[in-house]
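First to last, the protein sequences are chains A and B. Each residue of the first sequence is one higher than the one before, counting from 0 in numbering that gives the first Met the number 0. Each residue of the second sequence is one higher than the one before, counting from 0 in numbering that gives the first Met the number 0. For reference, the structure is listed below as structure tokens.
2 protein chains.
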Amino acid sequence: MNIGEIAKRAGVSRSTVSYALTGRRPVSPETKQRILAVIDELGYRPNAAARALKEGRTRTIGLVIPPASTRLTDMQLGFVASVVDAAARADLDVLLSPSGGEHDRSFERVVTGQRVDGVIVMEIRLEDDRVARLMASGLPFVGIGRTRDPAGMSWVDLDYETLIGRCVHHLADLGHRDIALVNRSAELVAAGYGPGHRARAGFDRAVADRGLRGVAVCCADDAQAGQACTERLLAEHPELTAIATVNEAAAAGVYHALARAGREVPRDFSIVGVAARHWAENLHPPLTAADVPAVELGAHAVDLLLGRIADPAAAHRHLLVAPPISLRATTGPARS
Amino acid sequence: MNIGEIAKRAGVSRSTVSYALTGRRPVSPETKQRILAVIDELGYRPNAAARALKEGRTRTIGLVIPPASTRLTDMQLGFVASVVDAAARADLDVLLSPSGGEHDRSFERVVTGQRVDGVIVMEIRLEDDRVARLMASGLPFVGIGRTRDPAGMSWVDLDYETLIGRCVHHLADLGHRDIALVNRSAELVAAGYGPGHRARAGFDRAVADRGLRGVAVCCADDAQAGQACTERLLAEHPELTAIATVNEAAAAGVYHALARAGREVPRDFSIVGVAARHWAENLHPPLTAADVPAVELGAHAVDLLLGRIADPAAAHRHLLVAPPISLRATTGPARS
DNA sequence: CCGATTCGTCGAATCGGTTCGACCGAGGGA
DNA sequence: TCCCTCGGTCGAACCGATTCGACGAATCGG
């Protein structure tokens with residue numbers, strides 16, 4: 000089932016079979032026909048390893064994901080799905096590499112074993128070893144997320160700073176004066192997780208700009224934490240009338256805590272966030288939120304990566320998106 | 000940066016470098032030391048394609064997932080994560096292949112291009128082309144899920160029939176006489192999706208065994224559909240006092256419809272299901288459910304696959320699990 | 001009508017590893 | 001002392017593709 004077998008059965012040389020398949024040199028119609036017939040009959044496919052060895056590229060990209068121990072959020076899942084999808088459209092395969100935790104052998108294999116033509120890295124920290132490692136290795140890569148100083152890399156990212164700013168302005172426009180930010184988990188923020196820091200910065204700035212009173216808290220990524228966190232918030236700051244959140248996994252808990260506290264949304268209390276559209280729509284009532292365009296970001300990341308693979312010396316590019324807030328059912332005027 | 004370069008700098012032949020690395024022939028301590036020093040200095044890693052070509056195996060497994068267009072459920076995500084994790088522990092890489100839809104080129108590449116040593120296939124249908132294709136190809140594979148007649152394959156699966164039977168018995172024990180099954184989507188069931196069919200069969204049997212009145216409906220995989228579906232159910236069958244469900248994504252909608260209908264859970268109405276633990280615990284109130292042991296199933300699938308790769312002629316094995324129902328807060332005695 | 005292209009094909013080299021057979025020297029048993 | 005074994009190493013073959021140089025035949029321009 001290799002190219003030699005095909006050549007023998009078609010009565011030609013191995014190189015002719017290769018040329019018939021790649022079209023890189025002319026082959027007579029009759030010969031080509033004969034070769035293709037044999038290939039079809041035997042179900043032959045070129046051996047990927049042999050081809051990769053000779054061509055020096057694998058037609059595979061790596062996708063570096065957080066380790067399985069940390070559950071993927073709905074948003075992250077959206078990135079994975081869209082990257083896989085976009086790669087499939089470009090006839091690329093995707094090799095998964097959990098990084099962080101104990102799985103750094105996997106990351107090393109992917110980076111250094113010439114297994115992939117390029118890498119997409121998710122969940123980038125403000126200071127990120129993996130980015131440094133990739134830069135040193137010279138392997139083309141694109142970040143979904145960016146480091147503190149991303150000048151030397153290509154990336155796509157959500158503009159959390161602007162996004163949360165918009166959320167705050169939206170609430171301020173509705174008359175809210177006392178608002179809270181429910182951020183991602185304290186561990187993530189402490190570890191230098193970019194979205195956490197940027198959301199905080201955007202919140203602080205917008206609150207100052209509008210002369211509001213703001214309180215920011217961290218919250219683990221699940222509904223229980225969201226509930227506990229909101230209950231504490233309401234107890235310590237009864238004057239609050241609105242919450243902005245970047246923690247989609249906690250949102251259901253926020254709702255629940257408000258309901259138990261007798262605050263009806265959006266009549267007594269407003270919530271606005273950043274979340275996957277699917278997620279926002281499935282909450283009750285549907286969450287007013289900036290819808291994360293995961294499909295667009297993932298596809299763009301693949302595009303950028305293909306560009307870097309084609310020309311590793313080209314200038315770096317990036318995409319920073321700030322999708323508009325979709326008005327759903329969780330924000331309303333502040334009660335005076 | 001190839002083995003020849005290492006050999007030259009260490010002053011030995013290429014084969015000696017290879018033996019020093021693999022240990023398949025003795026190498027003197029001094030020589031080995033020298034070689035390792037050079038390797039360390041240059042950061043050399045064997046080229047994966049060359050090794051795969053010569054050895055005839057890739058140290059990579061394929062994971063065939065549903066196409067991105069169909070959102071992964073929390074449970075499916077759990078399988079993916081656990082497979083990736085288990086594979087990483089065995090120093091295997093995972094190649095993702097979305098199958099179905101328009102991405103069958105990806106599936107073909109994986110199966111036929113000798114890119115992987117074996118494949119794990121998720122979301123198997125009662126009649127499944129991919130399984131037939133894999134059997135014909137001779138590539139080792141393991142199903143997460145199984146066909147109607149899975150004798151010729153290795154697989155792991157959840158015993159939905161038993162599981163739903165247990166749910167029904169649990170409800171019957173609590174005195175419920177009129178119960179409904181909220182199944183997966185009509186499209187999935189029509190397409191021969193095993194869990195849908197087996198859940199239905201288990202429901203029907205248990206209902207008959209206990210002399211209950213049961214009604215089974217299909218429901219799309221999201222909260223909105225769950226709500227609509229439950230509202231219809233309550234309108235058409237006001238006598239219902241309990242729901243059993245295998246549709247974790249719809250559960251939040253079921254809750255909401257019940258709340259809007261003024262049925263308090265578990266006082267007026269009971270719900271029991273099959274879901275990821277994480278999911279069940281994050282609902283309010285926490286769902287009484289059989290917790291899907293995704294980690295165990297995924298790890299076992301990888302084990303089975305490694306077994307088949309090691310000995311493709313060995314007898315097929317499988318694992319059918321029916322985890323016990325975790326009592327949480329959504330079932331109570333029927334009000335008489 | 002002849003030299004220069006072009007077409008169609010072949011053989012051989014190559015990619016970077018692993019592995020087999022062979023060789024040399026040292027040590028052990030008879 | 002001789003022969004055999006074994007440790008340690010080398011050179012060459014091989015895995016299955018792509019690609020380069022070469023070569024005969026057909027075609028084209030002048």
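In this text, a Cβ means the ideal position worked out from N, Cα and C, and glycines have one as well.
Practice prompt. Under 7 angstroms Cβ to Cβ from Leu95 of chain A, same chain only, skipping five residues before and after it: list those, please.
Written response: What you label residue 95 of chain A is simply residue 96 of the first sequence in a count that begins at 1. If we look at Leu95 of chain A and ignore the five residues flanking it on each side, its Cβ neighbours are Leu62 and Ile64.
Q: Pull up the distance between the alpha-carbon of Ala241 of chain A and that of Arg259 of chain A, whole angstroms please.
A: Along the first sequence, read from residue 1 onward, the residue named residue 241 of chain A stands at position 242. Along the first sequence, read from residue 1 onward, the residue named residue 259 of chain A stands at position 260. C-alpha separation (whole angstroms): 16 angstroms.
Taking the continuous beta strand (DSSP E) assigned at Met121 of chain A, which residues delimit it?
-> By 1-based counting over the first sequence, the position of residue 121 of chain A is 122. Met121 of chain A -> beta strand (DSSP E) spans Gly117 to Met121.
Practice item. Using the DSSP secondary-structure output, state which residues sit across from Arg212 of chain B in a beta bridge. Key: The count along the second sequence starts at 1 and reaches residue 212 of chain B at position 213. Under DSSP, Arg212 of chain B takes part in a beta bridge, and its partners are B:Asp177.
CA-to-CA distance, Val216 of chain A to Ser184 of chain A, given in whole angstroms
Mapped onto the first sequence, residue 184 of chain A falls at position 185. Mapped onto the first sequence, residue 216 of chain A falls at position 217. Here the alpha carbon of Ser184 of chain A sits roughly 9 angstroms from the alpha carbon of Val216 of chain A.
inquiry  = Just to check my reading of the structure: Ala222 of chain A and Gly252 of chain A have Cβ atoms closer than 8 angstroms, yes? What is that Cβ distance to the nearest angstrom?
reply    = Translated into positions along the first sequence, residue 222 of chain A becomes position 223. Translated into positions along the first sequence, residue 252 of chain A becomes position 253. About 4 angstroms separates the two Cβ atoms, so the contact holds.
Review point. Arg44 of chain B by DSSP, collapsed to three states: which one?
Key: For this step, residue 44 of chain B is matched to residue 45 along the second sequence. In the three-state reduction of the DSSP assignment, Arg44 of chain B falls in the coil class, being assigned neither a helical nor a strand state.
Discussion item. To the nearest angstrom, how far is the alpha carbon of Val26 of chain B from that of Ala89 of chain B?
Written reply: Against the second sequence, residue 26 of chain B aligns to sequence position 27. Against the second sequence, residue 89 of chain B aligns to sequence position 90. Straight-line measurement puts the Cα of Ala89 of chain B at about 27 angstroms from the Cα of Val26 of chain B.
**Item:** Residue from B:Ala293, B:Trp278, B:Pro66 and B:Leu162 with nearest C-alpha to Gly359 of chain B
**Value:** Residue 359 of chain B is absent from the model: chain B starts at 0 and stops at 335.
What do you reckon, are the CB atoms on Pro420 of chain A and Asp203 of chain B nearer than 8 angstroms?
No answer is possible for residue 420 of chain A: the residues shown for chain A start at 0 and end at 335.
Report the rounded CA-to-CA distance for His169 of chain B versus Arg70 of chain A, giving the unit in angstroms. Position 170 of the second sequence, counted from the first residue, corresponds to residue 169 of chain B. Position 71 of the first sequence, counted from the first residue, corresponds to residue 70 of chain A. Roughly 31 angstroms separates the two Cα atoms.
Item checked: Beta-carbon neighbours of Thr57 of chain A, restricted to chain B and to distances below 7 angstroms -> To locate residue 57 of chain A, count along the first sequence from 1; it is residue 58. In chain order: Ala48.
Checklist entry - Does Thr72 of chain B have its Cβ less than 8 angstroms from a Cβ in chain A? => result Here residue 72 of chain B refers to the residue found at position 73 when the second sequence is read from its first residue. Not an interface residue.
Return the chain-ordered ranges of every alpha helix (DSSP H) run that is complete within the segment 283-312 of chain B and spans a minimum of 4 residues.
Runs found: 293-309.
Review point. Since Val63 of chain B is in the beta strand (DSSP E), which residue starts that stretch and which ends it?
Key: Stepping through the second sequence from its first residue, residue 63 of chain B is reached at position 64. For Val63 of chain B, the enclosing beta strand (DSSP E) starts and ends at Thr59 to Ile64.
*For Leu233 of chain A, decide whether its Cβ has a neighbour in chain B, counting only Cβ atoms nearer than 8 angstroms.*
Here the question's residue 233 of chain A lines up with position 234 in the first sequence. With 8 angstroms as the cut-off, Leu233 of chain A does not count as an interface residue toward chain B.
Own chain residues within Cβ distance below 6 angstroms of Val16 of chain B, not counting five before or after
Within the second sequence, numbered from 1, the residue matching residue 16 of chain B stands at position 17. Cβ neighbours of Val16 of chain B beyond the five flanking positions: Ile2, Ile5, Ala6 and Ile34.
_Check whether the segment 141-149 of chain B and the segment 109-124 of chain B touch, using three or more Cβ-Cβ pairs below 8 angstroms as the test._
Yes, the segment 141-149 of chain B is in contact with the segment 109-124 of chain B.
Cβ-based burial, Met74 of chain B [other Cβ within 10 Å; buried from 16]
In the second sequence, residue 74 of chain B corresponds to position 75, counting from 1. Met74 of chain B should be labelled buried.
Inset, instruction - Scan the segment 74-90 of chain A for residues whose Cβ lies nearer than 7 angstroms to a Cβ of chain B and list them as they occur along the chain. - result: Along the segment 74-90 of chain A, the positions whose C-beta sits under 7 angstroms from a C-beta of chain B are Leu76, Ala80, Ser81, Val83, Asp84, Ala87 and Asp90, read in chain order.
Inset, instruction - In angstroms with no decimal places, state the Cα-to-Cα distance between Ala339 of chain B and Ala248 of chain A. - result: Not covered by the structure: residue 339 of chain B. The range shown for chain B is 0 to 335.
* Would you identify the three-state DSSP class for Thr146 of chain B, choosing helix, strand or coil? => Taking the second sequence and counting its residues from 1, the one referred to as residue 146 of chain B is at position 147. Of the three classes helix, strand and coil, the one that applies to Thr146 of chain B here is coil, per DSSP.
| query | In angstroms, rounded to a whole number, what distance separates the CA positions of Thr329 of chain B and Asp177 of chain B? | reply | By 1-based counting over the second sequence, the position of residue 329 of chain B is 330. By 1-based counting over the second sequence, the position of residue 177 of chain B is 178. Straight-line spacing of the CA atoms in Thr329 of chain B and Asp177 of chain B works out to 16 angstroms.
query = Are there 16 or more other CB atoms within 10 angstroms of the CB of Lys53 of chain A, so buried, or fewer, so exposed?
reply = Position 54 of the first sequence, counting from 1, holds the residue named residue 53 of chain A. So Lys53 of chain A counts as exposed.
Starting from Thr244 of chain B, follow its DSSP beta bridges and name the residues at the other end.
-> What you label residue 244 of chain B is simply residue 245 of the second sequence in a count that begins at 1. Partner(s): B:Val181 and B:Gly272.
For the pair the segment 153-173 of chain A and the segment 207-216 of chain A, tell me if three or more CB-CB distances fall below 8 angstroms. In this structure the segment 153-173 of chain A lies against the segment 207-216 of chain A, because at least three pairs of beta carbons, one per stretch, are closer than 8 angstroms.
- prompt: For Gln32 of chain B, does the count of other Cβ atoms within 10 angstroms reach 16, so buried, or fall short, so exposed?
  reply: Looking up residue 32 of chain B in the second sequence gives position 33. Exposed.
**Prompt:** Grouping DSSP H, G and I as helix and E and B as strand, with all else coil, what is Pro28 of chain B?
**Reply:** What you label residue 28 of chain B is simply residue 29 of the second sequence in a count that begins at 1. Looking at Pro28 of chain B - three-state DSSP - the assignment turns out to be helix.
Q. What residue range is occupied by the uninterrupted alpha helix (DSSP H) comprising Leu336 of chain B?
A. The requested residue 336 of chain B does not occur in the structure, where chain B is confined to residues 0 to 335.
Check: What distance in whole Å lies between the Cβ atoms of Ala293 of chain A and Pro322 of chain A, which are believed to be in contact at a cut-off of 8 angstroms?
Finding: For the purposes of this step, residue 322 of chain A is taken as residue 323 along the first sequence, with counting starting at 1. For the purposes of this step, residue 293 of chain A is taken as residue 294 along the first sequence, with counting starting at 1. The beta carbons of Pro322 of chain A and Ala293 of chain A sit about 10 angstroms from each other, so the pair does not count as a contact at 8 angstroms.
Starting from Leu95 of chain B, trace the beta strand (DSSP E) in both directions and tell me its first and last residue.
Along the second sequence, one-based indexing puts residue 95 of chain B at 96. For Leu95 of chain B, the uninterrupted beta strand (DSSP E) run begins and ends at Asp92 to Pro97, by DSSP.
Worksheet entry | Residue span of the beta strand (DSSP E) that contains Asp172 of chain A, given as start and end | On the first sequence, position 173 is the one that residue 172 of chain A refers to. Asp172 of chain A -> not in any beta strand (DSSP E); alpha helix (DSSP H) instead, spanning Tyr159 to Asp172.
Between the CA atoms of Arg307 of chain B and Ala150 of chain B - distance to the nearest angstrom: Within the second sequence, residue 150 of chain B is the residue found at index 151, counting from 1. Within the second sequence, residue 307 of chain B is the residue found at index 308, counting from 1. One C-alpha to the other measures close to 15 angstroms.
| query | Under a CB-based cut-off of 8 angstroms, is Val214 of chain A close to chain B? | reply | Within the first sequence, the letter at position 215 stands for residue 214 of chain A. For Val214 of chain A, not one C-beta of chain B is nearer than 8 angstroms to its own C-beta.
key: 8 angstroms CB neighbourhood of Arg327 of chain B in its chain, flanking five on each side removed   = Locating residue 327 of chain B in the second sequence gives position 328, counting from the first residue. Same-chain partners within the cutoff: Ala279, Glu280, Pro284, Pro285, Leu286, Thr287 and Ala288.
| said: Given a cut-off of 8 angstroms on the beta-carbon distance, is the pair Leu187 of chain A and Arg199 of chain A in contact? | reply: The residue labelled residue 187 of chain A in the question sits at position 188 within the first sequence. The residue labelled residue 199 of chain A in the question sits at position 200 within the first sequence. Contact: no.
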